[in-house]
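Report on the structure given below.
Number of protein chains: 2
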Amino acid sequence: MTLENMTKPNLLLTPGPTQVPPEILRVMAEPIFHHRTPQYRALFKSISEDFKAVFRTDERVYVFTGSGTLAMEAAVANFCSAGDQVLVLEAGKFGERWHAIAESYGLNVISLKAGYGEVVTPPEVDDALKKHPTVSVVYATLCETSTGALFDIEAIGRVVLKMGAILVVDAISGLAADRLEMDAWGVDVVVSGSQKGLMLPPGLSFLAVSEKARTLNRKAKCPRFYLDLANYERALRNWDAPFTPAISLMCGLREVLNRILETGIEGVWDQAARLAEKTRTEVRKLGLDLFARRPSNAVTAVKVPQGLDGGRLVSVIRDEKGVTLAGGQGEMKGKIFRIAHFGAITARDIDRAISVLAETIRELKP
Amino acid sequence: MTLENMTKPNLLLTPGPTQVPPEILRVMAEPIFHHRTPQYRALFKSISEDFKAVFRTDERVYVFTGSGTLAMEAAVANFCSAGDQVLVLEAGKFGERWHAIAESYGLNVISLKAGYGEVVTPPEVDDALKKHPTVSVVYATLCETSTGALFDIEAIGRVVLKMGAILVVDAISGLAADRLEMDAWGVDVVVSGSQKGLMLPPGLSFLAVSEKARTLNRKAKCPRFYLDLANYERALRNWDAPFTPAISLMCGLREVLNRILETGIEGVWDQAARLAEKTRTEVRKLGLDLFARRPSNAVTAVKVPQGLDGGRLVSVIRDEKGVTLAGGQGEMKGKIFRIAHFGAITARDIDRAISVLAETIRELKP
Numbered sequence: 102m103t104l105e106n107m108t109k110p111n112l113l114l115t116p117g118p119t120q121v122p123p124e125i126l127r128v129m130a131e132p133i134f135h136h137r138t139p140q141y142r143a144l145f146k147s148i149s150e151d152f153k154a155v156f157r158t159d160e161r162v163y164v165f166t167g168s169g170t171l172a173m174e175a176a177v178a179n180f181c182s183a184g185d186q187v188l189v190l191e192a193g194k195f196g197e198r199w200h201a202i203a204e205s206y207g208l209n210v211i212s213l214k215a216g217y218g219e220v221v222t223p224p225e226v227d228d229a230l231k232k233h234p235t236v237s238v239v240y241a242t243l244c245e246t247s248t249g250a251l252f253d254i255e256a257i258g259r260v261v262l263k264m265g266a267i268l269v270v271d272a273i274s275g276l277a278a279d280r281l282e283m284d285a286w287g288v289d290v291v292v293s294g295s296q297k298g299l300m301l302p303p304g305l306s307f308l309a310v311s312e313k314a315r316t317l318n319r320k321a322k323c324p325r326f327y328l329d330l331a332n333y334e335r336a337l338r339n340w341d342a343p344f345t346p347a348i349s350l351m352c353g354l355r356e357v358l359n360r361i362l363e364t365g366i367e368g369v370w371d372q373a374a375r376l377a378e379k380t381r382t383e384v385r386k387l388g389l390d391l392f393a394r395r396p397s398n399a400v401t402a403v404k405v406p407q408g409l410d411g412g413r414l415v416s417v418i419r420d421e422k423g424v425t426l427a428g429g430q431g432e433m434k435g436k437i438f439r440i441a442h443f444g445a446i447t448a449r450d451i452d453r454a455i456s457v458l459a460e461t462i463r464e465l466k467p
Numbered sequence: 102m103t104l105e106n107m108t109k110p111n112l113l114l115t116p117g118p119t120q121v122p123p124e125i126l127r128v129m130a131e132p133i134f135h136h137r138t139p140q141y142r143a144l145f146k147s148i149s150e151d152f153k154a155v156f157r158t159d160e161r162v163y164v165f166t167g168s169g170t171l172a173m174e175a176a177v178a179n180f181c182s183a184g185d186q187v188l189v190l191e192a193g194k195f196g197e198r199w200h201a202i203a204e205s206y207g208l209n210v211i212s213l214k215a216g217y218g219e220v221v222t223p224p225e226v227d228d229a230l231k232k233h234p235t236v237s238v239v240y241a242t243l244c245e246t247s248t249g250a251l252f253d254i255e256a257i258g259r260v261v262l263k264m265g266a267i268l269v270v271d272a273i274s275g276l277a278a279d280r281l282e283m284d285a286w287g288v289d290v291v292v293s294g295s296q297k298g299l300m301l302p303p304g305l306s307f308l309a310v311s312e313k314a315r316t317l318n319r320k321a322k323c324p325r326f327y328l329d330l331a332n333y334e335r336a337l338r339n340w341d342a343p344f345t346p347a348i349s350l351m352c353g354l355r356e357v358l359n360r361i362l363e364t365g366i367e368g369v370w371d372q373a374a375r376l377a378e379k380t381r382t383e384v385r386k387l388g389l390d391l392f393a394r395r396p397s398n399a400v401t402a403v404k405v406p407q408g409l410d411g412g413r414l415v416s417v418i419r420d421e422k423g424v425t426l427a428g429g430q431g432e433m434k435g436k437i438f439r440i441a442h443f444g445a446i447t448a449r450d451i452d453r454a455i456s457v458l459a460e461t462i463r464e465l466k467p
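As they're listed, the protein sequences go chains H and B.
Everything in the first sequence is counted per my numbering, starting at 102 for the first residue and increasing by one.
Everything in the second sequence is counted per my numbering, starting at 102 for the first residue and increasing by one.
Below you can see the structure in the form of structure tokens.
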């Protein structure tokens with residue numbers, strides 16, 4: 102371990118949590134204030150308004166105190182009743198999470214699966230919906246964080262719109278990294294979280310909800326309270342939160358939105374696209390293979406070279422070289438590693454990751 | 102508004118969020134690290150172990166990313182099935198919240214009510230349980246934050262233990278303020294949150310769960326996912342979190358626990374008791390009436406003097422004098438105001454509150 106590694110915090114290049122810029126950390130370290138005040142309502146109102154440019158929607162964006170999975174569950178419990186038929190697109194750990202949540206609420210889950218590293222295609226969704234015309238909700242993923250694969254949400258949106266179901270998209274890692282046009286693509290519900298492209302610590306999650314989905318919400322009978330949209334909707338009339346919000350994270354979010362709006366969301370997508378392209382190019386130059394066939398701009402998954410222990414590769418890079426990459430999750434454990442390139446990550450960060458990666462592979466090669 | 106008020110943040114004396122000590126804010130502003138690492142597991146393990154001294158239990162304490170209400174819902178969804186008969190003790194807004202959550206899960210709620218400012222007594226609980234011997238869970242509150250009333254949980258514990266139900270206690274504002282002996286008093290489940298006696302920003306909530314409650318958990322059929330104890334139990338085996346935890350708050354919590362253990366939980370209770378007694382004495386000296394007959398050491402509720410507008414009193418003190426007190430909630434709106442005395446609040450803070458209170462009452466008196 103070099104002196105730099107001992108004294109500096111690790112360079113964090115995991116697909117969430119991601120690096121939080123120092124000036125955002127400073128804002129969150131300001132003394133706390135109470136949330137039943139004009140000060141908090143003004144903060145929440147301005148966040149709600151500016152979120153529209155990030156989600157590309159004119160619809161409401163609800164804010165939950167909780168991790169991304171809480172907002173995923175909100176997207177199940179708020180739009181379904183036990184026994185409802187829903188279609189889940191699965192090609193990795195987070196598609197599987199949609200399935201697990203839907204099952205825990207007693208839904209009738211129709212599962213469309215693709216292999217890890219692949220995506221479910223729009224024609225497959227079309228076929229499934231024609232075969233099961235009573236499907237009320239389609240659960241999809243923008244960037245499947247576990248594999249770095251990007252679903253074609255625009256085309257899936259066209260297919261779902263024809264059939265009358267609502268389309269729910271997990272954009273937890275995809276938001277502010279991969280292009281997502283909620284209103285223009287006919288996406289009804291977008292789920293996201295604070296600790297990815299929005300470069301905050303974990304603790305907030307978000308749900309953007311269309312008018313069509315809100316109508317469905319009023320008929321949905323799954324039991325719910327903390328994540329019940331009716332509670333948030335009532336509070337929103339006065340720019341209030343129904344339950345004590347994570348105030349320090351909300352203050353950080355205000356600063357993050359200032360930064361994103363300064364660049365513009367198109368500029369943020371371009372930046373992620375450039376870094377993703379750079380990462381893919383550099384990885385290939387090292388003779389390594391990319392894992393996802395249709396890669397996301399949020400995170401790049403790379404196959405662990407044959408003969409190498411993937412777990413050891415990631416832990417040596419983390420503990421001895423000062424760079425935290427992500428290993429594979431679930432059945433991908435030891436087989437891939439992942440490099441994120443959203444939020445505050447820079448080209449210099451990617452250069453450092455590639456350099457320690459090359460060095461470590463040389464050292465560990467049998 | 103004085104110069105001091107314009108340049109300094111408000112003195113926060115609300116019953117949550119409460120003041121966060123500057124050194125805790127600094128710890129939370131350190132660069133973030135990843136949670137699937139030995140570093141996070143060591144942090145979580147040490148927090149889990151030290152929590153036992155705060156909850157006075159040898160049982161598990163589960164940590165959720167979310168507000169206190171999420172952990173309240175976890176204490177319903179994890180121990181009940183639709184149609185179960187439960188007993189809810191209600192004497193304010195947060196007792197009513199137990200009722201609302203239980204109803205949203207289709208439970209058969211038996212409600213024992215006392216007026217605002219009062220408490221439900223142990224003999225009343227005894228009678229109700231004898232009348233309804235199939236009650237499986239009793240939902241109670243340590244400090245009813247909306248009125249500042251303290252329930253006699255020790256005696257209620259003895260009553261419930263005889264009947265075989267489990268006892269769940271909302272100690273969101275009571276923990277680390279009012280004495281609570283989870284194991285010795287036979288409390289099965291304790292709910293708490295980060296932004297009260299634990300002097301952190303909002304965003305974490307906690308559930309301490311007895312062996313008896315965990316047995317009940319395995320039979321409970323309410324649908325759940327994000328707050329399902331089975332997910333947390335599995336992850337706990339490796340000191341992992343099932344879903345991305347609020348890492349910066351966990352780092353803050355580590356520091357808070359260091360402070361609390363240094364003083365000892367008995368010392369923390371004594372400090373809150375002294376400040377509560379001081380607050381009650383000073384308030385009475387101003388000729389004001391206390392609201393709760395059995396007052397908590399977490400928060401003191403005071404009746405708004407006749408002829409005064411309670412809402413205006415609180416907003417003038419907040420906006421012109423730099424001290425944030427809490428007004429009344431729900432049906433208590435405008436009728437009471439509340440002063441907290443837990444966490445990092447000092448005698449000097451109470452002096453300042455009493456002084457601006459006296460001054461403002463003089464100014465506003467007709």
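Positions of the beta carbon are idealized from the N, C-alpha and C atoms, including for glycine.
Quantities reported herein were computed from a predicted structural model and do not represent experimental measurements.
In chain B, which residues lie with their C-beta within 9 Å of the C-beta of residue i?
i, result
"Leu113(H)", "Pro132, Ile133, Phe134 and His135"
"Val210(H)", "Neighbours of Val210(H) on chain B: none; closest Cβ ~13 Å, over 9 Å."
Can you tell me where the beta strand (DSSP E) holding residue i begins and where it ends?
i, result
"Asn209(B)", "Asn209 to Lys214"
Return the bridge partner residues of residue i from the DSSP annotation.
i, result
"Asp271(B)", "Thr242(B) and Val292(B)"
"Gly428(H)", "Phe438(H)"
"Ala321(B)", "Partner(s): none; Ala321(B) has no beta bridge."
"Val165(H)", "A small fix is needed here, since residue 165(H) is Phe in this sequence, not Val. Its beta-bridge partners are Ser306(H)."
"Val403(B)", "Leu391(B) and Phe438(B)"
"Pro396(B)", "Ala250(B)"
"Leu113(H)", "Thr425(H)"
Mind pulling the chain H residues with CB within less than 7 Å of residue i?
i, result
"Tyr206(B)", "Pro324"
"Gln296(B)", "Thr345"
Taking Cβ-Cβ distances shorter than 8 Å, what residues in chain B pair up with residue i?
i, result
"Ala201(H)", "Phe326"
"Phe344(H)", "Ser168, Gly169, Thr170 and Leu171"
"Arg127(H)", "Ala130"
"Thr138(H)", "Arg419 and Thr425"
"Pro116(H)", "By Cβ distance, chain B contributes nothing, its closest Cβ being about 10 Å from Pro116(H), past 8 Å."
"Val291(H)", "In chain order: nothing, as chain B lies at least about 18 Å away."
With a threshold of 7 Å, establish whether the CB of residue i neighbours any heavy atom of the ligand NAP.
i, result
"Cys181(B)", "What this structure holds is no ligand at all, so the ligand NAP is not there to describe."
Just curious, the alpha helix (DSSP H) that residue i is in, first and last residue?
i, result
"Phe145(B)", "Pro139 to Phe156"
"Ser306(B)", "No alpha helix (DSSP H) holds Ser306(B); the beta strand (DSSP E) holding it covers Leu305 to Val310."
"Tyr333(B)", "Leu330 to Leu337"
"Ala194(B)", "Sequence check: residue 194(B) is Lys here, not Ala. Per DSSP, Lys194(B) belongs to the alpha helix (DSSP H) from Lys194 to Ser205."
"Lys263(B)", "Ile254 to Met264"
"Leu188(B)", "Segment Gln186 to Glu191 is the beta strand (DSSP E) holding Leu188(B); no alpha helix (DSSP H) there."
"Thr380(H)", "Ile366 to Lys386"
"Gly412(H)", "Gly411 to Lys422"
"Thr450(B)", "As written in the sequence, residue 450(B) is Asp, which differs from the Thr given in the question. Ala448 to Leu465 is the span of the alpha helix (DSSP H), which, as asked, contains Asp450(B)."
"Ile133(H)", "Where Ile133(H) is concerned, there is no enclosing alpha helix (DSSP H), given that its DSSP letter is neither H nor E."
"Glu225(B)", "Pro223 to Lys232"
List the residues of chain B that residue i touches, going by C-beta distances under 7 Å, in chain order.
i, result
"Ser247(H)", "Here the premise fails: no neighbours, minimum Cβ distance about 12 Å."
"Leu350(H)", "Gly304"
"Val236(H)", "Within chain B, no residue comes near Val236(H); the closest Cβ sits about 20 Å away, beyond 7 Å."
Quick one: measure Cβ to Cβ for residue i and residue j, integer angstroms, because I've assumed they're closer than 8 Å.
i, j, result
"Arg439(H)", "Leu458(H)", "About 12 Å separates the two Cβ atoms, so there is no contact after all."
"Ala192(B)", "Val220(B)", "5 Å"
"Val210(H)", "Val261(H)", "Contact doesn't hold; Cβ gap of about 16 Å is too wide."
"Leu243(B)", "Leu281(B)", "6 Å"
Run through chain H and tell me which residues come within less than 9 Å of residue i, C-beta to C-beta.
i, result
"Glu174(B)", "Arg325, Phe326, Tyr327 and Leu328"
- [ ] Would you check if the region 193-201 of chain B and the region 367-380 of chain B touch, i.e. whether three or more CB-CB distances between them fall below 8 Å?
- [x] By the criterion of at least three beta-carbon pairs nearer than 8 Å, the region 367-380 of chain B is not in contact with the region 193-201 of chain B.
Open item on the list: Does the structure place the region 303-316 of chain H close enough to the region 156-168 of chain H that three or more beta carbon pairs sit under 8 Å?
Closed with: yes
Open item on the list: Pairs of beta-carbons, one from the region 249-256 of chain H and one from the region 389-404 of chain H, closer than 8 Å: are there three or more?
Closed with: A contact exists between the region 249-256 of chain H and the region 389-404 of chain H.
TODO: Please confirm if the region 288-305 of chain B is in contact with the region 197-213 of chain B, defined as three or more CB-CB distances below 8 Å between the two stretches.
DONE: no
TODO: Inspect the CB distances between the region 309-328 of chain B and the region 264-284 of chain B and report whether three or more fall short of 8 Å.
DONE: yes
Open item on the list: Would you call the region 450-467 of chain H in contact with the region 124-134 of chain H, where contact means no fewer than 3 C-beta pairs closer than 8 Å?
Closed with: no
Open item on the list: Three Cβ pairs or more, each shorter than 8 Å: is that satisfied between the region 345-358 of chain H and the region 295-305 of chain H?
Closed with: yes
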